[in-house]
Amino acid sequence: MRYAGENNFTGHALPGYNAAECALRRAAAEALKRVQAELTRQNLSLKVYDCYRPTRAVTAMARWAHDPNALPDTSRFHPRLQKSRLFALGYIASHSAHSRGVAIDLTVVPQGSQQPPYDATLRYGACTSATRAPDNSLDMGTGFDCFDTTSHTQDGLITPQQRANRDVLLNAMRRQGLVNYKREWWHFSYSAADNGNAYDFAIEPR
Ligand SMILES: C[C@@H](N)C(=O)N[C@H](C)C(=O)O
Ligand SMILES: [Zn+2]
Numbered sequence: 255m256r257y258a259g260e261n262n263f264t265g266h267a268l269p270g271y272n273a274a275e276c277a278l279r280r281a282a283a284e285a286l287k288r289v290q291a292e293l294t295r296q297n298l299s300l301k302v303y304d305c306y307r308p309t310r311a312v313t314a315m316a317r318w319a320h321d322p323n324a325l326p327d328t329s330r331f332h333p334r335l336q337k338s339r340l341f342a343l344g345y346i347a348s349h350s351a352h353s354r355g356v357a358i359d360l361t362v363v364p365q366g367s368q369q370p371p372y373d374a375t376l377r378y379g380a381c382t383s384a385t386r387a388p389d390n391s392l393d394m395g396t397g398f399d400c401f402d403t404t405s406h407t408q409d410g411l412i413t414p415q416q417r418a419n420r421d422v423l424l425n426a427m428r429r430q431g432l433v434n435y436k437r438e439w440w441h442f443s444y445s446a447a448d449n450g451n452a453y454d455f456a457i458e459p460r
């Protein structure tokens, strides 16, 4: 759960993430459970990066995007774009389906694999490069929250293996009614569970 820690594009845990827990509307969670069951049969597993997002966290994302003096330098997440343009370009939403509990950011990992430790003191490479911060994800061509055209799900510059890996995620999610967002290979939503209400309760330890 990236926004509960420092390994995200703001460099800080976001307000409202008091625990690294995934909250979703029930029908969306049940659809995700069916995806996991299918991947388990292929010795794969889902790894979730973000689920329900309190609206106060969206406000903090907007504050970050419009603060040229924000530290630390997290330009590795948007190596070719100014962060002030990320909302306008559609990489971050000011009214996010995450806040309605019907969007999920996730990837596919080999079953039993571990996330390599994240060290905030290291200078990781751009999210578009092979020197990006390590992740046990199948290689999707870019990292999670890599705000760049190469993260567009159907981008033509990724390798055949990276395309095949994206397709594993895309097809498994699609079969259970979860729809991908074309600008981010990791973002899916389940509109059948959407009641139109955005929430701002904090995520707490279970
Ligand atoms: C910020 C990124 N993880 C994401 O979820 N983007 C979409 C567009 C959103 O903010 O809803
Ligand atoms: Zn998302």
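Per the working numbering, residue 255 is the first one in the sequence shown, and the count goes up by one each step. Even glycine gets a Cβ: it sits at the ideal position worked out from N, Cα and C. Keep in mind that this is a model prediction, so the values were computed, not measured.
Using the beta-carbon count (16 or more within 10 Å), is residue i buried or exposed?
| i | result |
| --- | --- |
| His352 | buried |
| Lys337 | buried |
| Ser391 | buried |
| Asp373 | exposed |
| Arg334 | exposed |
| Gly366 | exposed |
| Glu284 | exposed |
| Thr361 | buried |
| Ala342 | exposed |
| Leu286 | buried |
| Asn419 | buried |
| Ala311 | buried |
| Asn261 | buried |
| Ser350 | buried |
Give me the Cα-Cα distance between residue i and residue j, rounded to the nearest whole angstrom.
| i | j | result |
| --- | --- | --- |
| Tyr330 | Arg295 | Per the sequence shown, the amino acid found at residue 330 is Arg instead of Tyr. Going by the C-alpha atoms only, they are around 35 Å apart. |
| Arg377 | Phe401 | 18 Å |
| Ala316 | Ala387 | 24 Å |
| Asp399 | Arg354 | 19 Å |
| Leu432 | Ala281 | 11 Å |
| Thr404 | Val422 | 18 Å |
| Tyr306 | Leu278 | 6 Å |
| Arg437 | His320 | 21 Å |
| Ala426 | Arg288 | 9 Å |
| His406 | Thr396 | 10 Å |
| Val363 | Ser299 | 5 Å |
| Arg428 | Gly450 | 22 Å |
| Ala291 | Trp440 | 19 Å |
| Thr375 | Ala446 | 42 Å |
| Arg256 | Asn323 | 22 Å |
For residue i, which residues of its own chain have a beta-carbon under 6 Å away from its beta-carbon, when the five flanking residues on both sides are left out?
| i | result |
| --- | --- |
| Ala314 | Leu268, Pro269 |
| Ile249 | The structure shown does not extend to residue 249, since the chain spans only 255 to 460, so no value can be given for it. |
| Ala452 | Thr309, Ser353, Arg354 |
| Cys381 | Arg330, Phe331, Thr396, Gly397, Cys400 |
| Thr385 | Gly379 |
By Cβ distance, which residues of its chain are closer than 8 Å to residue i, with the 5 residues on each side in sequence left out?
| i | result |
| --- | --- |
| Glu458 | Asn272, Ala273, Glu275 |
| Gln408 | Lys436 |
| Leu325 | Gly265 |
| Pro370 | Pro388, Asp389, Asn390 |
Who pairs with residue i in a beta bridge, going by DSSP?
| i | result |
| --- | --- |
| Glu438 | Tyr435 |
| Ile457 | Tyr271 |
| Asp304 | Asp359 |
| Ser299 | Val363 |
| Ser443 | Ala357, Val433 |
For residue i, I'd like the list of residues in its chain whose CB is within less than 7 Å of its CB, leaving aside the five on either flank, ordered along the chain.
| i | result |
| --- | --- |
| Thr328 | Phe263, Thr264, Gly265 |
| Leu411 | Thr404 |
| Ala258 | Ala267, Tyr271, Ala273, Ala274 |
| Gln368 | Asn390 |
Write down the C-beta distance between residue i and residue j rounded to the nearest angstrom, noting that I regard them as a contact closer than 8 Å.
| i | j | result |
| --- | --- | --- |
| Gln415 | Asp448 | Between Asp448 and Gln415 the Cβ distance is about 34 Å, and since that is not below 8 Å, they are no contact. |
Quick check on residue i - is its C-beta less than 8 Å from some C-beta in chain B?
| i | result |
| --- | --- |
| Arg256 | Absent from the structure is chain B; it holds one protein chain and no more. |
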